[in-house]
């Protein structure tokens, strides 16, 4: 019994020693964490941000599950107007499964305070415009040029309006917004022969040759005749008139190819699509027009309406 009594005292003494060692280790770890955080804070004040980050990482490495370490480092960053760094530290806590629910709420709270940079840009109707690959935004209260991944990089300039494009700064969970104002342009009308169509790189094209068309009207009853004589074609006149009261002047210009807008309006004379049809206009789609212009009707007198050099409207001119 005496031996048993001495044995019990020995076990109790050993347990106390172990507990004491654990406390010493915990205090040593806490002291290291505190020291690293103080070092990082001092370096932040000296604007040695990379060195500060290294010191804070050492603090976290001492105990990745210590919630207070992340909170204290976050506070140090916030005190020094380094909100992006604070956000990253809290997200690191989430990644390391530290008090996940509360850390996620804290992360969302910080993110809501980020200022979304709004960039104002202009482009012309049917003009070419590419979203910038990088923009200047404030990161940690400092202006930086950062690359951007746009949510919808395809730009549509076919309508006069203000279009909003959003994206994210690479390397940072930061949103970027660009407002693109599409400005109107003057419509240019040309008289041409439509000489055939083709598609290249998913874009539609029309081959043309520019001409001028003169037709006698009640307001100008002999303009066709005058233009024919002016061009040295008096022989076109019979009894002082040209056939069917119109004259086409060849401008001797080389063939020119124009892109056709995807939403271009196309209309041809009704008799082109209906043998019993009239000279009235009939709207058709690009595929049907292409079949006509690349087939039997490979030289059609037409009007094209251009915006920024792109055909937005096509109309056939009726010839008797």
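Residue numbers (the UniProt record's numbering): 1 to 320.
Glycine included, each C-beta is placed from N, C-alpha and C at the ideal position.
Span of the alpha helix (DSSP H) holding residue i?
{"i": "residue 337", "result": "The shown model of the chain, from 1 to 320, leaves out residue 337, and the question about it has no answer."}
{"i": "residue 187", "result": "Counting along the chain, residue 187 falls outside any alpha helix (DSSP H), and DSSP gives it neither H nor E."}
{"i": "residue 61", "result": "49-62"}
{"i": "residue 79", "result": "67-79"}
Just how far apart, CA to CA, sit residue i and residue j?
{"i": "residue 137", "j": "residue 273", "result": "57 Å"}
{"i": "residue 103", "j": "residue 110", "result": "11 Å"}
{"i": "residue 270", "j": "residue 151", "result": "44 Å"}
{"i": "residue 5", "j": "residue 54", "result": "With a pLDDT of only 46 at residue 5, under 50, the local geometry of the prediction cannot be trusted, and no value is derived from it."}
{"i": "residue 260", "j": "residue 284", "result": "14 Å"}
{"i": "residue 173", "j": "residue 188", "result": "46 Å"}
{"i": "residue 198", "j": "residue 88", "result": "53 Å"}
{"i": "residue 229", "j": "residue 300", "result": "24 Å"}
{"i": "residue 200", "j": "residue 314", "result": "19 Å"}
{"i": "residue 66", "j": "residue 92", "result": "12 Å"}
{"i": "residue 293", "j": "residue 195", "result": "7 Å"}
{"i": "residue 142", "j": "residue 254", "result": "56 Å"}
{"i": "residue 216", "j": "residue 308", "result": "32 Å"}
{"i": "residue 234", "j": "residue 252", "result": "19 Å"}
Could you have a look at residue i and say whether DSSP puts it in helix, strand or coil?
{"i": "residue 231", "result": "coil"}
{"i": "residue 40", "result": "helix"}
{"i": "residue 179", "result": "strand"}
{"i": "residue 250", "result": "strand"}
{"i": "residue 280", "result": "coil"}
{"i": "residue 287", "result": "helix"}
{"i": "residue 23", "result": "helix"}
{"i": "residue 45", "result": "helix"}
{"i": "residue 271", "result": "helix"}
{"i": "residue 7", "result": "Interpretation of residue 7 is limited by its pLDDT of 47, a score under 50 that renders its predicted location unreliable; no figure is taken from the coordinates."}
{"i": "residue 18", "result": "Here the model assigns residue 18 a pLDDT of 49, short of 50, so the residue's position is not dependable and the matter cannot be decided."}
{"i": "residue 210", "result": "strand"}
{"i": "residue 193", "result": "strand"}
{"i": "residue 293", "result": "helix"}
{"i": "residue 219", "result": "coil"}
State the CB to CB distance for the pair residue i and residue j, rounded to an integer number of angstroms; the pair is presumed to be in contact (CB under 8 Å).
{"i": "residue 119", "j": "residue 157", "result": "Not confirmed; about 17 Å, so no contact."}
{"i": "residue 41", "j": "residue 76", "result": "5 Å"}
{"i": "residue 190", "j": "residue 306", "result": "7 Å"}
{"i": "residue 117", "j": "residue 176", "result": "6 Å"}
{"i": "residue 247", "j": "residue 289", "result": "The pair is not a contact, with the Cβ atoms about 26 Å apart (cut-off 8 Å)."}
{"i": "residue 257", "j": "residue 207", "result": "5 Å"}
{"i": "residue 249", "j": "residue 219", "result": "Residue 249 to residue 219, Cβ: 19 Å. No contact."}
What are the boundary residues of the beta strand (DSSP E) that includes residue i?
{"i": "residue 307", "result": "300-307"}
{"i": "residue 314", "result": "310-316"}
Would residue i count as contacting chain C if we go by Cβ distances under 8 Å?
{"i": "residue 137", "result": "As a matter of chain content, chain C is missing from the structure shown, which is built from one protein chain."}
I want to check one thing, is the minimum distance from the CB of residue i to the heavy atoms of the ligand HEM below 7 Å?
{"i": "residue 101", "result": "Absence of the ligand HEM from the depicted structure is noted, as is the absence of any ligand whatsoever, leaving it without description."}
Which parts of the stretch 90-161 are runs of the alpha helix (DSSP H), unbroken and 4 residues or longer, counting only runs that do not cross its ends? The stretch 90-161 contains these whole alpha helix (DSSP H) runs: 100-112.
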